[in-house]
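In the order they appear, the protein sequences are chains A and B. Under the UniProt record's numbering, the first sequence has 136 at position 136, and the numbering climbs by one with no breaks. Under the UniProt record's numbering, the second sequence has 114 at position 114, and the numbering climbs by one with no breaks. Glycine included, every Cβ here is placed at the ideal spot set by N, Cα and C.
There are 2 protein chains.
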Amino acid sequence: MAPRIDPRIDAETAAAEQPRIPLSRRRVLRAAVTIADRDGLDSLTMRRLAQELGVEAMSLYHHVANKEAVLEGVIEVILGEIFEAVEATAAPAPEEDWRAALRARILAAREVLLRHRWAPRVLESRPSMSPAVIGYYDGVVGILRAGGFSFDLAHRALHVLGSRALGFAQELFDPDGAADADSSEMMEQMADRFPHLVGMLADAVHNDPDGTLGFCDDQFEFEFALDLILDGLERRRAGA
Amino acid sequence: MAPRIDPRIDAETAAAEQPRIPLSRRRVLRAAVTIADRDGLDSLTMRRLAQELGVEAMSLYHHVANKEAVLEGVIEVILGEIFEAVEATAAPAPEEDWRAALRARILAAREVLLRHRWAPRVLESRPSMSPAVIGYYDGVVGILRAGGFSFDLAHRALHVLGSRALGFAQELFDPDGAADADSSEMMEQMADRFPHLVGMLADAVHNDPDGTLGFCDDQFEFEFALDLILDGLERRRAGA
DNA sequence: ACCTGAACACCGTTCAAGT
DNA sequence: ACCTGAACACCGTTCAAGT
């Protein structure tokens, strides 16, 4: 019957009760990010969010329209962090080297997302015409234009980059995870059905016996893919 | 009080009641696909699924472990369609032209997904080590290997392609949607905040006054991106 | 073996009532 | 103006009971 955590002894609540800080949209959104960071995105419910703020769930609706608005607002917060990170990054002027400028921006965004690994999932889950996201892509187009792209090719570039422009790539299939699993015995069992994949993974293990870095480093794969795409775009820009 | 649709007059139910076809995993999954196609993914609930089959919700649990298993199974069904489509597609042997072979396979997969537009969302929503997905990517590696890729570069290629290997690319930001919106007036209002993007979209409209095809054709953008990536992979293959 | 009804523990959200 | 308690209309799922 009793809630698992008594709200009275919740640290956040105790701090908030001293001066009785009034709720605000900003406070709600920051609490939402805190919950997602600590407990995962699934734990971010309106009731849980209210509890985090030492308040009843229904009080939230005075500051945000609904849960959709919370998620939209959470994206704003994350993109705020991305903008900060981008500004704090030293990068060449796009007029001189658009590739290096764009690369630096994208990797800066990626670092923020690595601190909020749930964020890509919420970015993906909505069409997202939020001003913050639009603003980010506006900056990307700005770099491309400064680098000599036509509007046409810049538009195309946005489509090619997709989510990678924001620093992440969802992968439906995770070959690295498969390699970790039940290495030797399961792999033999799978060899019949998936000969090429099993061969590939066996080769990967062979190439990198200590396993922790190198071949299966996501950061490495991300940069490889990004560079391949930037290469292709530069080739098309120069060829136009 | 009364349910919106009386299950008694539901067509599917009426048909099912004649010989009283027993429930089966296969029937459950096909009904799930039907619901998602007709009413959208959000309408796919256990209760709604049971109703579609003229049965109580709890009966489903004799044939699928839980909702997660339904979604997993739905992916299997979709990938089954993809395998059919791939086999029905004429394509050169990968030994002769890996690019054309892979391109044909990917575009065949894409056509299936265009018939089930909700499917990418469920593919994205889980890590998906399902045998069907693994099998698909095994085929991709097979093509690459036949085309002369090292295991190393094939692995890299899977990361670069990501979901595009299965025929779709999620786009966080949809510039075409923005252009459609409140064209002229909203665009002027946005010009201050997003000068590059607004310029790009204005240019797009200018280039393609009748609007319906060409510049904003998703299929065109998809193929452009795919070819750019295949180009890059071929260049790295040849250079190795 | 297969299906069911009632119930449980959750959701997001509305509404009328409190201060 | 801001917050609350109770309630509504949903979820997925469990369990004991029916045939």
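**Study point:** Beta-carbon gap between residue 249 of chain A and A/A146 smaller than 9 Å
**Key:** Nothing can be reported for residue 249 of chain A: it is not among the residues displayed for chain A, which extend from 1 to 240.
Check your understanding: Name the chain A residues whose beta carbon is nearer than 8 Å to that of B/E188?
Key -> What B/E188 touches in chain A: nothing, since even the nearest Cβ is about 15 Å away.
Review point. Straight-line CA distance for A/Y61 to A/E72?
Key: 14 Å
Exercise for review: Step through the CB atoms of chain B and report whether any lies within less than 9 Å of the CB of A/H159.
Suggested key: yes
Review point. Is there contact here, the region 74-86 of chain B with the region 115-127 of chain B, by at least three beta-carbon pairs under 8 Å?
Key: yes
Practice item. Closer than 9 Å by beta-carbon distance: list the chain B residues that pair up with A/G80, in chain order. Key: Those do not exist, as A/G80 stays about 15 Å from chain B at its closest Cβ, beyond 9 Å.
Practice item. For my contact list, B/V64 and B/V70 are in at a C-beta cut-off of 8 Å; report their separation, rounded to the angstrom. Key: 5 Å
Exercise for review: Whole angstroms is fine: what's the gap from B/L172's alpha carbon to A/T45's?
Suggested key: 23 Å
Check your understanding: In whole angstroms, what is the alpha-carbon distance linking A/R164 and B/Q170?
Key -> 10 Å
Check your understanding: Can the beta-carbon of B/A204 be found less than 9 Å from the beta-carbon of A/G162?
Key -> no
Review point. Terminal residues of the continuous alpha helix (DSSP H) containing B/I64?
Key: Per the sequence shown, residue 64 of chain B should be read as Val rather than Ile. No alpha helix (DSSP H) holds B/V64; DSSP gives it neither H nor E.
Check your understanding: When DSSP labels each residue in this structure, what does B/F194 get in the three-state scheme?
Key -> coil
Check your understanding: CB B/P120 to CB B/A104, shorter than 9 Å?
Key -> no
Exercise for review: Give the single residue among B/D39, B/A31, B/D227, B/G199 whose Cα lies nearest to the Cα of A/H155.
Suggested key: B/G199
Check your understanding: Alpha carbon to alpha carbon, how far is B/I5 from B/Y137?
Key -> Below a pLDDT of 50, predicted positions are generally treated as unreliable, and B/I5, at 37, falls in that range; the measurement from the model is reported next regardless. Approximately 42 Å, taken between the alpha carbons.
Exercise for review: Take A/V141 as the anchor and find which of A/V112, A/R99, A/E221, A/A32 has the nearest alpha-carbon.
Suggested key: A/R99
Practice item. Go through its chain and collect everything with a Cβ distance to A/G211's Cβ below 6 Å, but skip five positions before and after it. Key: Any reading at A/G211 needs caution, since the residue's pLDDT is 44, under 50, leaving its predicted position unreliable; the model's value is listed next. Contacts found: none.
Check your understanding: Less than 9 Å separating the beta-carbons of B/D231 and A/R235?
Key -> yes
Point to revise | Range covered by the alpha helix (DSSP H) that runs through A/F151 | key: 151-161
Review point. Is it right to say A/S128 is buried, meaning 16 or more other beta carbons lie within 10 angstroms of its own, or is it exposed?
Key: buried
Check your understanding: Does A/V112 have its Cβ less than 9 Å from a Cβ in chain B?
Key -> no
Check your understanding: How would you label B/M190, buried or exposed, when you count the other beta carbons within 10 angstroms and need 16 or more for buried?
Key -> buried
Point to revise | B/E221 and A/E124 closer than 9 Å at C-beta | key: no
Review point. Is the shortest distance between the beta-carbon of B/L213 and the beta-carbons of chain A less than 9 Å?
Key: Any reading at B/L213 must be qualified, since the residue scores a pLDDT of 44, below 50, and its modelled position is unreliable; the value itself is stated next. Taking Cβ atoms only, chain A never reaches closer than 9 Å to B/L213, which makes this a no.
Review point. Given B/A108, which residues of its chain have a CB within under 6 Å of its CB, disregarding the five upstream and five downstream residues?
Key: A85, V86, T89
**Study point:** Check whether B/V74 and B/A36 have beta carbons under 9 Å apart
**Key:** yes
Check your understanding: Can you list the residues of chain A that B/Q170 reaches, using a CB-CB cut of under 9 Å?
Key -> E124, G162, S163, Q170
Practice item. Please check the pair B/L197 and A/I134, which I expect to be a contact at CB under 8 Å, by giving their CB distance rounded to whole angstroms. Key: 7 Å
Practice item. Just mark A/S130 as buried or exposed, buried being the case when its beta carbon has 16 or more other beta carbons within 10 Å. Key: buried
**Study point:** Three-way DSSP call (helix, strand, coil) for B/W118 in this model
**Key:** coil
Review point. For B/A57, which of helix, strand or coil comes out of DSSP?
Key: helix
Exercise for review: Please state whether DSSP places A/Q170 in a helix, a strand or coil.
Suggested key: coil
Practice item. Say whether chain B places a C-beta atom closer than 9 Å to the C-beta of A/V86. Key: no
Point to revise | Cut-off 7 Å between Cβ atoms - residues of its own chain near B/R48, not counting five sequence neighbours on either side | key: I35
Check your understanding: chain B beta carbons: is any one of them nearer than 9 Å to that of residue 243 of chain A?
Key -> Since the first and last residues shown for chain A are 1 and 240, residue 243 of chain A lies out of range.
Practice item. Could you spell out where the alpha helix (DSSP H) holding B/P127 opens and where it closes? Key: Per DSSP, B/P127 belongs to no alpha helix (DSSP H) and is neither H nor E.
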